[in-house]
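Presented below is the structure to which this report refers.
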Amino acid sequence: MEDIIAEFISYLRVERASAELTVEAYEHDLAIYLRYLTNPAFGCPIAPAHGFSQVTRTVVVDFERYLKDGLHYAPSTMARILSALKTFHKFLVREGYATANPTETVGLPRKPQHLPDVLSVQQACRMIDLFCGDTPRELRDRAILEVLYGCGLRVSELCGLDVDRVHLSDGFLLVMGKGSKERVVPVSGAAERALRVYLSEGRPHLARATQPTSAVFLNARGGRLTRQAVHALVRKAGQAIGVDDLHPHTLRHSCATHMLEGGADLRVIQDMLGHADISTTQIYTHVQRAHLVEEYLHAHPRAH
28 MEDIIAEFIS YLRVERASAE LTVEAYEHDL AIYLRYLTNP AFGCPIAPAH GFSQVTRTVV
88 VDFERYLKDG LHYAPSTMAR ILSALKTFHK FLVREGYATA NPTETVGLPR KPQHLPDVLS
148 VQQACRMIDL FCGDTPRELR DRAILEVLYG CGLRVSELCG LDVDRVHLSD GFLLVMGKGS
208 KERVVPVSGA AERALRVYLS EGRPHLARAT QPTSAVFLNA RGGRLTRQAV HALVRKAGQA
268 IGVDDLHPHT LRHSCATHML EGGADLRVIQ DMLGHADIST TQIYTHVQRA HLVEEYLHAH
328 PRAH
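Residue numbers (this note's numbering): 28 to 331.
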């Protein structure tokens with residue numbers, strides 16, 4: 028059964044060109060599933076010699092109950108794992124390892140919709156303006172914050188950005204997003220200026236001749252900056268303005284929300300953020316409505 032999972036993981040990497048984080052999530056979730064199916068303590072009627080063909084809808088429903096009552100997983104985590112199982116069992120049927128998909132009629136747990144946290148425009152500008160130094164690292168850090176907020180990049184996209192993908196004269200970045208899909212992201216104003224200064228005055232001092240790299244954002248050793256380093260920078264920036272545990276994705280959310288409030292079309296924001304489904308982008312309209320109610324309660328003389 029492990030060899031079939033390995034084949035599926037290879038399919039994700041090669042044929043679907045899934046992001047490495049996505050592949051790792053599938054590996055983690057299917058490992059939990061396999062342990063459940065093959066552990067006699069759970070009472071599953073699955074013999075490893077017969078593979079996944081013996082899995083029935085009842086087994087999947089029992090596994091879902093185990094995730095909830097045994098592992099105490101949140102609905103969002105359960106939904107992710109069950110979604111992974113659905114993809115996996117479709118693969119099994121297509122490749123001839125099973126004749127039926129036991130997950131076909133199993134619904135996903137309803138996930139509570141949480142509105143994304145966003146900074147105010149004033150908070151975002153104040154945070155970035157605190158990074159006004161002129162050392163190579165300070166120029167890099169300001170450029171990172173400007174690009175995260177000004178372009179709405181995911182942290183993985185920012186870390187994966189290469190110099191030959193930066194077209195400042197034409198006002199855009201070529202960004203490799205989820206599923207190895209490339210998109211054009213406009214860059215102008217403060218983000219463009221910060222990137223231009225960093226690339227001309229900061230990056231050359233961080234680069235190492237002995238360790239050449241095409242990465243835009245470099246660490247102190249001249250290598251590509253990691254996601255963990257960007258998370259640490261953003262957390263530090265948040266603390267400087269009194270916002271605890273600030274995440275890079277919050278700057279992405281803030282970018283989208285502030286664009287919407289400024290009158291940008293939802294489809295434009297969808298393209299810029301690289302959302303495959305417009306419904307993913309529509310959550311920002313809820314943020315805007317929440318902000319409208321808040322402003323009304325604060326400002327209207329007859330709101331109370």
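Beta carbons are placed, not taken as given, at the ideal position from N, Cα and C, and that holds for glycine. Keep in mind it's a predicted model, so treat the numbers as computed, not measured.
Give me the Cα-Cα distance between K208 and H232, rounded to the nearest whole angstrom.
Answer to the nearest angstrom: the Cα atoms are 32 Å apart.
Does the segment 145–155 come within contact of the segment 243–257, defined as at least 3 CB pairs closer than 8 Å?
no
Starting from the C-beta of A326, find all residues in its chain whose C-beta is less than 8 Å away, skip the five residues before and the five after it, and write them out in chain order.
Confidence at A326 is low in this model, with a pLDDT of 46, below 50, so its placement is unreliable and no value can be given for it.
What residue does the beta strand (DSSP E) around P213 start on, and which one ends it?
P213 -> beta strand (DSSP E) spans E209 to P213.
Would you tell me roughly how many angstroms separate the C-alpha atoms of L293 and A247, rounded to the nearest one?
39 Å
What distance in whole Å lies between the Cβ atoms of A236 and L172, which are believed to be in contact at a cut-off of 8 Å?
That belief does not hold up - the Cβ atoms of L172 and A236 are roughly 28 Å apart, past 8 Å.
Got a sec? Which residues, its chain only, sit under 8 Å from L39 by beta carbon, not counting five neighbours each side?
S45, T49, V50 and Y53
Should V41 go down as buried or exposed, given a rule of 16 or more other Cβ atoms within 10 Å for buried?
exposed
Where the beta strand (DSSP E) through F199 begins and ends:
F199 to M203
Which same chain residues, not among the five before or five after R329, have their C-beta less than 6 Å away from its C-beta?
Note that R329 scores 42 on pLDDT, short of 50, meaning its location in the model is unreliable; the coordinates nonetheless yield the value given after this. Contacts found: none.
Do you know whose CA, among L185, G78 and V261, lies nearest S241's CA?
L185
With three or more C-beta pairs closer than 8 Å as the rule, is the segment 118–135 touching the segment 29–39?
yes
Coarse secondary structure for H258, derived from DSSP in three states:
helix
Check each candidate in D298, T284 and I296 and name the one with the smallest Cα separation from D22.
Since the first residue shown for the chain is 28 and the last is 331, residue 22 is missing from the structure and cannot be characterised.
Leaving out five residues before and five after V224 in sequence, what residues of the same chain have Cβ atoms less than 7 Å from its Cβ?
L166
A101 classed as buried or exposed, judged by whether at least 16 other C-beta atoms fall within 10 angstroms
exposed
Tell me whether D189 sits in a helix, a strand or coil according to DSSP, three-state version.
strand
In three-state DSSP terms, what is H274?
Looking at H274 - three-state DSSP - the assignment turns out to be coil, as it is neither helix nor strand.
Please report the straight-line C-alpha distance between L188 and I268, rounded to a whole angstrom.
27 Å
Applying the criterion that 16 or more other CB atoms from any shown protein chain within 10 Å of the CB defines a buried residue, is V193 buried or exposed?
buried
According to DSSP, simplified to helix, strand and coil, what is R251?
It is a strand residue.
When the Cα atoms are used, what is the spatial distance from V47 to S215?
Note that residue 47 is Glu in the sequence shown here, rather than Val. Their backbone Cα atoms lie some 30 Å apart in a straight line.
With DSSP collapsed to three states, give me the class of C234.
A small correction: the amino acid at residue 234 is Ala; Cys does not occupy that position in the sequence shown. If DSSP states are grouped into helix, strand and coil, A234 belongs with coil.
Compare the C-alpha of I108 against each of F199, D96, C159 and F90 and name the closest.
F90
For a minimum of 3 consecutive residues, which ranges assigned as the beta strand (DSSP E) are wholly contained in the segment 89–149?
none
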